[in-house]
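Read in order, the letters of the sequence shown are residues 110 to 449 in my numbering.
Read through the structure below, which is laid out as structure tokens, and then see the notes.
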Amino acid sequence: MMDSLFVIDPGPFATIQDLGRFGYQCFGVSVSGAMDENALRVANILVGNGEGEAAIEFTLAGGSYRVEADVCRVAVAGGDFPVSINDIPASSHACHTLGRGDRIAIGHATTGARGYLAVAGGFDLPEDLGSRSTHIRSALGGLNGEGLSAGARISLRAPGALDGPDLSLPFALWPHGEGSIRVVLGPQDYLFTQAGIETLLSSEYKVSPKSDRMGCRLDGPVVEHAGDFNIVSDGIARGSIQIVGDGQPIVLLADRQTTGGYAKIATIISADLPLFAQRRPGQSVRFEAISITEAENLRETMLDGLEHLRESMVATGSANRETEHLLRTNLIDGVVGGVY
């Protein structure tokens, strides 16, 4: 039997995701990919994978899995999810080496909404159009294009050399708080009244329970259109904020449709998409407009921070090392003092 990870309980919703399926939107194929790309990258870095390797993405709770391999290194990153190995509490944002029959369980998040379980070597799954990301509506990627279910087995690829100790981040890397989500206005902000734009930027919205990987509905004050709310359908970028006919915003996310006919008042900047992806139903959202140049600079800062993550890792259990230095270091945009 091939080495595998056995799904005991997938939790509320779990899929296989990598960084997405690019180059096919012109054919109507969704990009998909991890909702929180930073957390996916962190999980992969911890187990020694390339940053874009496919992992299990789970929402609100992580479920439980059993190792069916002689050795398997795993790591959980993302929201603040309690982790246990064989019913013994273990750290998230840390690598753990497991053996055949070992069980890892991931509970309900106390902070954030999404997490990632990465395994060293990655999952031995075929690519669909260059990606292993699951897109359920088109049955692409993952395990037969479906979400994970109890009793499934996910084949493991043989990892490279597993020399050296398990590694961890010497600080918590959890999304927290309800700070503003930064946006760039447009591309159709001219189709809204000035009052409508000010409403979006000055009001508090709540994440609706009627949200999924395709889009996040926000409940709050109505955003006023200047005229008709429809446009000739055009392409949709991740993080686009479209205002539907009732004046309520919908943020389009990883599984978004490729084109749409509602006017888009603004777009969440790349650096804040991971933060937005961790907002839970009922959590508050406020928006702040910045310039394109500022958005580009913030993205570069975020990517530079990710490059330095490997330098900050310590052997699991050595989390107090160089704490003063690390707390002065902004490793990812919005990550200071160990949180983001």
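All residues carry an ideal CB built from backbone N, CA and C; glycine is no exception.
Keep in mind it's a predicted model, so treat the numbers as computed, not measured.
Same chain only: Cβ atoms within 7 Å of residue i, ignoring 5 sequence neighbours per side
i	result
Gly344	Gln134, Thr367, Thr368
Ala261	Val116, Leu252
Gly354	Phe338
Gly324	Ile359, Val360, Leu361, Leu362, Arg365
Ile245	Gly254, Glu255, Gly256
Cut-off 6 Å between Cβ atoms - residues of its own chain near residue i, not counting five sequence neighbours on either side
i	result
Phe167	Gly120, Ala123, Gly224
Ser242	Gln126, Asp127, Gly129, Arg130, Ser141, Gly142, Gly250
Val112	Before going on, a small fix: residue 112 reads as Asp here, not Val. Once the five neighbours on either side are set aside, the close Cβ partners of Asp112 are Ala178, Leu265.
Ser427	Because Ser427 sits at a pLDDT of 45, beneath the cut-off of 50, its placement in the model cannot be relied upon, and the following sentence gives the value as read from the coordinates. Taken in chain order, the list of residues that qualify is empty.
Ser320	Arg326
Asp328	Lys315, Ser317
Phe385	Ile290, Ile377
Thr206	Arg182, Asp275
Glu160	Arg150, Asn153
Phe232	Ala163, Ile263
Glu403	none
Selection from the options that minimises the alpha carbon distance to residue i
i	options	result
Asp211	Asp233, Ala229, Leu252, Ser173	Ser173
Asp127	Leu114, Gly142, Ile213, Val116	Gly142
Val209	Glu177, Leu415, Lys315, Ser193	Contrary to the premise, residue 209 reads as Arg rather than Val in this sequence. Nearest of Glu177, Leu415, Lys315, Ser193 to Arg209, Cα basis: Glu177.
Val331	Arg291, Leu384, Pro358	Pro358
Ser349	Gly159, Gly254, Gly356, Tyr371	Tyr371
Phe131	Ala363, Arg326, Arg150, Gly221	Ala363
Ala214	Leu234, Val192, Ala375	Val192
Asn339	Gln297, Ala222, Ser247	Gln297
Leu361	Ala164, Ser200, Leu149, Leu382	Leu382
Thr302	Ser247, Ile374, Asn158	Ile374
Gly216	Asp196, Thr206, Leu234	Asp196
Asp118	Val156, Val353, Gly256	Gly256
Leu468	Asp233, Ile263, Gly295	For the chain, the structure presents residues 110 to 449; residue 468 sits outside this window and is missing.
Arg389	Gly305, Leu169, Ala248, Leu415	Leu169
Arg175	Ala259, Ser312, Pro235	Ala259
Thr308	Ser342, Ser277, Arg347, Gly356	Gly356
Ile194	Gly188, Gly187, Cys204	Cys204
Element boundaries [beta strand (DSSP E), containing residue i]
i	result
Val192	192-194
Ala227	220-228
Pro358	358-361
Leu207	204-208
Ser139	Element bounds for Ser139: n/a, residue is neither H nor E.
Val332	Unbroken run through Val332: none, as it is neither H nor E.
First through last residue of the alpha helix (DSSP H) which encompasses residue i
i	result
Asn153	146-156
Arg408	401-416
Leu257	Segment: none, Leu257 is in no alpha helix (DSSP H) and carries neither H nor E.
Ala472	Nothing about residue 472 can be read from this structure; the chain reaches only from 110 to 449.
According to DSSP, residues forming a beta bridge with residue i
i	result
Tyr299	DSSP output for Tyr299 lists no bridge partner at all.
Ser113	Glu177, Ser264
Ala164	Gln126
Val394	Tyr314
Gln366	None, per the DSSP bridge assignment.
Thr376	Val293, Ser349
Cys325	Val360
Asn339	Tyr371
Ala214	Ser173, Ser193
Arg182	Thr206
Phe131	Answer is none; Phe131 lacks a bridge partner.
Gly187	Gly224
Pro121	Its beta-bridge partners do not exist; DSSP assigns none.
Status (buried if at least 16 other CB within 10 Å, exposed otherwise) for residue i
i	result
Tyr314	buried
Ile378	buried
Glu431	Bear in mind that the predicted position of Glu431 carries a pLDDT of just 40, short of 50, making it too unreliable to give a figure here.
Phe190	buried
Ser201	buried
His334	buried
Asp413	exposed
Gly146	For the record, residue 146 in the displayed sequence is Glu; it is not Gly. It counts as buried.
Arg322	buried
Arg267	Looking at the sequence shown, residue 267 is not Arg but Ala. So Ala267 counts as exposed.
Val394	buried
His417	exposed
Arg419	exposed
Val341	exposed
Gly230	buried
Ala248	exposed
Ala304	exposed
Gly157	buried
Gly391	exposed
Neighbourhood of residue i by C-beta, 8 Å cutoff - its chain only, sequence neighbours within 5 removed
i	result
Ser400	Val293
Glu397	Ser289, Ile290, Arg291, Val292, Leu310
Gly336	Leu300
Met110	Glu177
Leu226	Ala152, Ala164, Ile165, Phe167, Gly171, Tyr174, Val183, Ala184, Val185, Ile213, Ile215
Proximity test, Cβ basis, 7 Å: residue i and chain E
i	result
Gly354	Looking for chain E here will not work: only one protein chain is present.
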